[in-house]
Every structure is written in structure tokens, then in C-alpha cells.
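One structure below.
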């Protein structure tokens, strides 16, 4: 049984459909990440789940029980909101304990649970401090500790690391993964950062315009995406996605020439190509000339932003595999046609992969 | 063009020492990133260079000229802030023109030329008439970059200009920055906590911690040869793994196998010894092999450029590896792990004591027998 299930849920603010006839299941014991651009509906979906917003239509189930009309207090979720507030006049201990105090829990029980929660986030030494004595990262940990305090089996974390130093985020990402393992709980986590999503997720949900684009195991979603929008939104560096025109089953675009599968009709088609599938080492049959615009050395990877016949193209590869190209250099890019994903231009749905064409090089 | 010399500078706020007896030189015509976590003193150092903060002791020189007592407007410094002050009712062009209008040595034709050049490099020619209020955060920052460099001041300082910009706009901004700086050759000091940004933008990186520069290096060398565990962890995505190790005669053996390492410097008897190995230099296989240690695959995720990032549980610690294969292995399965000895550093009490590392050698995670 899914830990959480949304059935055709809609939420409108004025004319704006924040969540649009959305259906989604979240599996128990999994770390599920909801990833989409800002204002794609992530926070609204979470607020609907924990009962801070009321759905205009559809049903929300937790462990198979309909909770659509339950007040927030009747729902059992650990929740870390995106903009959390700590009470400035209370100690860290009291800030974390607040939900239990509201529920009039006995103080021995409060102490035990606050301690456990604080220990998981390594903030036991901060208990007597007040929020103004904490760094940004420490405050964030306090907010997460408060969210983890409940005996819930589902934890809802709305972009809890946004705005933190990158390295602190890396550490907290590790902590949260360990927590999910330790508690054997369901984590439902939102972020707009696709690399964070790819790093954290077991299951990845791509959300856009208040709708689920697709949901899958993170590796499957990255390798075999079913929609062009997933390719655009998920992956670092950003994938190459562009439109081209097929004539007699052949496409010429950006200096490349390749064939479409036989069942794809001529006309406009959409292409998706991961940066790691654009090679600069000369291997591969289908090639084109390109000029180097920007080279980014990221330590273990190199990202090269190119232009081929006016078309921008991004390549990325492990830094040990190739020499660093110079800016403005002319290079040959090589692509295995079968790495090019083909999508229906109207629906964005994947309809296949490109095929080699007997004259692989369109120009020169 | 002018270099910036920091001569034994200290800055205290009450009992707190934000910048601690710091000396360094920012070379002219180069981009230097001040990199470090929140609270390391990087912003304070920059504010002292601009003249927004007084020094508790020490000197700051531009070339050979002591800046002591000079107010910000008397220093030839352009600055781009985290939250730039922009005039929402003025156009992109008018915002960039503002500092130029105040400089009487620039005539109208020259002003026009410089604005065109900046708009060109920023790829914003077609937005020149747009009002600032109509732009997204990334484009506003691009205009701020344009305004700071159009003045052609000797020194331009950037204070985390990409902090409030969403990821894709950030990349566009970084690209614009690279184009602008490679053309205009000013002395650039760029403050950031983002190591990827520093690796991408900088000619030199000054890595800061607790008010001091702990390593000043080229990005690649800083990445390959971190002098401290902190530097190894701070650079890298994810950072370096640190594995418990112990003395074995004159050498060091680690819980990751791989034989005996001989450090370049003698080891203190009481030192806490670890070996450091970057995730891309961890060798992982699905089958046992000589020298490899058995572990259990915890999970597999996706990193930069689609490489698999895996976590492996070993006896009493956990490491991360970046691999380009390893298909068919599932979480919970046994895997066999070793460190690429060429790319392994030995640390004693947090400081690098050397290893058999070759900077220019080819190194990568390899996968056998999956």
C-alpha cells in the first residue's frame, strides 16, 4: 500500500492552478524527491498533504486512509516547511519541543524525544542556546529536528537546504539519507535543484506546472526518461534539448545528420541529448564541427559549452579522459545517434531514439 | 592594472577575530576567488579592500599605494553585491551608464562604445531598453556585472553575486562573467562559498578558514593536492573520503587496503592518521580482487555528467565512489573497494604529509567484472 496517494488533486489560487488534477503515489520506506522549477506546485502539494491548504478537488490518502478532510492535527506527518520560523525567545530545546508541548505530552516523554531528535541532527550541544546564537546551518538543523520529532512514519521536507552553503548542504544531505535508513521511514522531499534531487532520490518525481511529468526510480528516470520535459529539468549540466525537422525520415540539425525510426512521421520533432553523450575525443561516427564557447573545470568533470552551426551544445566528461579544450577552439564533436532521444514535439512524449544515417556528416 | 597587497591584516569585532594576521597578494589582471564557508572572514576581508570596514591592524595596498584612511569612493574599485542596488525605473542601458556619466573624462562617443561592448559581451543588446523591474534576478545581476566593469576601474570585487539567482540563470551569469573578465583584464576578487564556481572562474583560489588563508593555489592544484583535510573535503562534489589509517613501520596502512604508503614527512607518534581519496579515485568491482576490501553497496545515485555516485559501507566507516559503470549491482550487494595509490594523500592531524600522488597522471574510477 502506498504511504501517500494523491488522486486527481487540484488546488487553485484565483486564476492560478497551483496543483492541476495531479495523481501520484509515494512508496513506503523510500526516499522520494519531488523536483521541479520554482512555482511548479511543490510547496502547495506538501501544504495540501499536511493539511495547511484545502484541495478544490480530488482525494489524498495516507496508508490507504482518506485524509482529504482531516484537520492538520488529525494527520500524522513530520513536516519541515520551506520557510521555517524559530521562536527567538525560546531555547533550541524548547523550539524543538514546541509541537509536543502543544500536544501536552508528559515532560519525561518530551525530554526523551527531543534528545533523540537532536542527537540525530548532531545538535545536542546547542540545546541551551537561543536562535540568535546559531549559524544558518544550525538553525536549519533545529527546524529539521523539530520536524522529525513526531512518531510519524512519513516525513515531508520542503526544500530544507535551500540557501545554505554548498558544503553544508552536502553534509546535511548525507545526514538525511542516514536518517531515512535509520528510521526506516518514508521521506518525501522537495527541491528545485536537479543535482540535489539526483543525489538524494531513490524515487524521483518530476513536477511542472502543477502536474507530475513522470515518476520513476532515479537511475531509470535519468537514463530512460519518457518525456522531453524530464530531460530538460533533470541533469547537471543541463541536457541538450532542441527541435528539428524530419524530411523523408532524415534530420539535419546543427551540422549533424541522422535518421529517425521508420514509424516516426516527417515534420517537427524534439530531441534530447545528455552532455555526457557529446564526445570531443574523436570517437564515434557521426560528427560535426563546433567551436568552444566556455570551458568549466569542476575538478573531476569538465563541462564544455559549444556551438555547432549556430546551435548551442553542451558536452561533459570525466576530467581524466581528455585534454582541456581552449576557448574559441574549433573541435569535432562526435555523437552516437542512438544516444539522441526523440520526442513528439506536441506532447513531449518519447517516441524512440535516432538511428545512424549512411552519410553521417552533413557538412564538411 | 594594479595588484592588491594584503599586509598582515587583522580585523576584530569585539572578542571575535574575523580576519587573523592575513598576508597575501591578489595579482593584477587575474581572477582570484576568496573561497570558504560562512563565517570564514572572506566577506570581511573584501569589505576592508573596498573601504567599507576599517582595519584593526595591518595595511592594504593597491600597487604600492597604501589605502589607509581612503574612503571607498576615492579607491578605484567596482563592486557587485549579493543584492545589487539597481534603479528599477531606469533601463538596462541607463543603469550601466550611471557610473560612466559621473566620469567627466569619458565623452559621449566613448560612453556609447563601452556600453555597447558590455551589452554585447553580456548578450543583452536586445534588452538595452528594458526596465530593471522587468528582468529576472539573473538578468539583473548581469546588468550589475556590466555596470561594475564598464567603469574600467582597476579592481572589481564580487560578493557572492549568484547567491540569490536560480540555477540556470546562475550558469548564464557565470558564462557572462567569464567572457567579461577574459576581455577586460581587470584585477578581480570574487568571494564565494561555492567551490564549483571557484573552480570554474578563478585563476587562483585563496581558500579561507577561521580568518586565515589556508591554501593559495591554482584551482586544479588545489583540487589535486589539498594541503589539509579541510581543503580535500571542501573542494570536490562530493568531497574527498577520509579513511582511518595507522602507522606500519615507517609507512602507513589504511582500512582500505592498498599496501603501505610512505609519507614524505616523518610522522609524529601520537598523530591521528587518515588517508584521503577522492570519490573518482576509488576503484570498485563486483568481484573480489587482490588488495581490495569487501564492502556493501548502500545506494547508487546520479552525479554531474550522469556518473554514478555510490555509497559503500565498509567495516566501520562509509565511503563514496564515482563510477562510470557497475551495472547489475544492487543496493545490499557485496562490492570490492580499493584506493588508487597514485591519487591517495596521507594526512596526519588534518595536515597533508604527502603520498605517491602524481598530479598529471591519468586517474579514474574503474570497474571490473560487473
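Protein chains in written order, with the working numbering: chain E, 3 to 366; chain D, 4 to 373. Every residue gets a Cβ at the ideal spot worked out from N, C-alpha and C, and that includes glycine.
To the nearest angstrom, how far is it from the Cα of residue i to the Cα of residue j?
i              : j              : result
residue 364(D) : residue 207(D) : Note that residue 364(D) scores 33 on pLDDT, short of 50, meaning its location in the model is unreliable; the coordinates nonetheless yield the value given after this. Their backbone Cα atoms lie some 22 Å apart in a straight line.
residue 265(D) : residue 255(D) : 6 Å
residue 141(E) : residue 177(E) : 15 Å
residue 306(D) : residue 280(D) : 18 Å
residue 373(D) : residue 309(D) : Note on residue 373(D): pLDDT 31, under 50, position unreliable in the model; no value is reported.
residue 300(D) : residue 41(D)  : 33 Å
residue 57(E)  : residue 80(E)  : 20 Å
residue 67(D)  : residue 272(D) : 46 Å
residue 315(D) : residue 217(D) : 31 Å
residue 162(E) : residue 97(D)  : 39 Å
residue 186(D) : residue 271(E) : 38 Å
residue 351(D) : residue 327(E) : 37 Å
residue 96(E)  : residue 175(E) : 25 Å
residue 187(E) : residue 199(E) : 18 Å
residue 32(E)  : residue 50(E)  : 20 Å
residue 241(D) : residue 334(E) : 31 Å
residue 289(D) : residue 332(D) : 7 Å
residue 393(D) : residue 197(E) : For residue 393(D) there is no data in the structure shown, the boundaries of chain D being 4 and 373.
residue 15(D)  : residue 215(D) : 13 Å
Indicate whether at least one CB of chain B lies closer than 9 Å to the CB of residue i.
i              : result
residue 244(D) : Among the protein chains in the structure shown, which are E and D, there is no chain B.
In or out: residue i buried (at least 16 other Cβ within 10 Å) or exposed?
i              : result
residue 181(D) : buried
residue 359(E) : buried
residue 153(E) : exposed
residue 293(D) : exposed
residue 380(E) : Absent from the model: residue 380(E). The displayed extent of chain E is 3 to 366, so no value can be given.
residue 263(D) : exposed
residue 336(D) : exposed
residue 5(E)   : buried
residue 57(D)  : exposed
residue 136(D) : exposed
residue 370(D) : Confidence in residue 370(D) is poor, its pLDDT being 37 and thus under 50, which makes the residue's placement too unreliable to answer from.
residue 38(E)  : buried
residue 244(D) : buried
What span of residues does the alpha helix (DSSP H) with residue i cover, start to end?
i              : result
residue 180(E) : 168-185
residue 119(E) : 109-122
residue 98(D)  : 95-104
residue 100(E) : 94-104
residue 207(D) : Not the alpha helix (DSSP H): residue 207(D) falls in the beta strand (DSSP E), residues 207-212.
residue 203(D) : 198-204
residue 257(E) : Per DSSP, residue 257(E) belongs to no alpha helix (DSSP H) and is neither H nor E.
residue 90(D)  : First-last for residue 90(D): undefined, no H or E at that position.
residue 142(E) : 138-149
residue 45(E)  : 44-52
residue 223(D) : 222-227
residue 235(E) : 230-235
residue 265(D) : No alpha helix (DSSP H) holds residue 265(D); DSSP gives it neither H nor E.
How far does the beta strand (DSSP E) with residue i in it reach, from first residue to last?
i              : result
residue 383(D) : Because chain D here runs from 4 to 373, residue 383(D) falls outside it and cannot be looked at.
residue 9(E)   : 6-15
residue 299(E) : 288-299
residue 29(D)  : 19-29
residue 355(E) : 352-355
When you compare each of the options to residue i by their alpha carbons, which one comes out closest?
i              : options                        : result
residue 245(E) : 33(E), 345(E), 79(E)           : 345(E)
residue 356(E) : 97(E), 31(E), 266(E)           : 266(E)
residue 289(E) : 339(E), 9(E), 116(E)           : 339(E)
residue 203(D) : 215(D), 184(D), 212(D)         : 184(D)
residue 28(D)  : 10(D), 298(D), 278(D)          : 10(D)
residue 113(E) : 335(E), 98(E), 123(E)          : 98(E)
residue 227(D) : 51(D), 117(D), 345(D)          : 345(D)
residue 129(E) : 93(E), 143(E), 69(E)           : 93(E)
residue 82(D)  : 268(D), 323(D), 164(D), 195(D) : 164(D)
residue 339(D) : 313(D), 199(D), 295(D), 232(D) : 295(D)
residue 225(D) : 301(E), 330(E), 134(E)         : 301(E)
residue 229(D) : 6(D), 355(D), 52(D)            : 355(D)
residue 307(E) : 287(E), 322(E), 282(E)         : 282(E)
residue 284(E) : 261(E), 214(E), 296(E), 325(E) : 325(E)
residue 316(E) : 220(E), 7(E), 234(E)           : 234(E)
residue 347(E) : 204(E), 273(E), 260(E), 165(E) : 273(E)
residue 268(E) : 341(E), 11(E), 135(E), 247(E)  : 247(E)
### Task
Quick one: which residues of the stretch 191-212 of chain E get their C-beta closer than 8 Å to a C-beta of chain D? List them in chain order.
For the stretch 191-212 of chain E, the beta-carbon criterion of a distance under 8 Å to any beta-carbon of chain D is satisfied by 194, 195, 196, 197, 200, 201, 202, 203, 204.
#### Entry: Contact residues within the stretch 215-236 of chain D, judged by C-beta distance below 7 Å to chain E
Listed by position along the chain: 222, 223, 226.
### Message
Give me the subset of the stretch 277-298 of chain E whose CB atoms are less than 8 Å from a CB atom of chain D, sorted by chain position.
### Response
For the stretch 277-298 of chain E, which is checked against every Cβ of chain D, the residues closer than 8 Å are 277, 278, 295, 296, 298.
### Query
Any residues in the stretch 337-349 of chain E with a beta carbon nearer than 7 Å to a beta carbon of chain D? Which ones, in chain order?
Answer in chain order: no residues at all.
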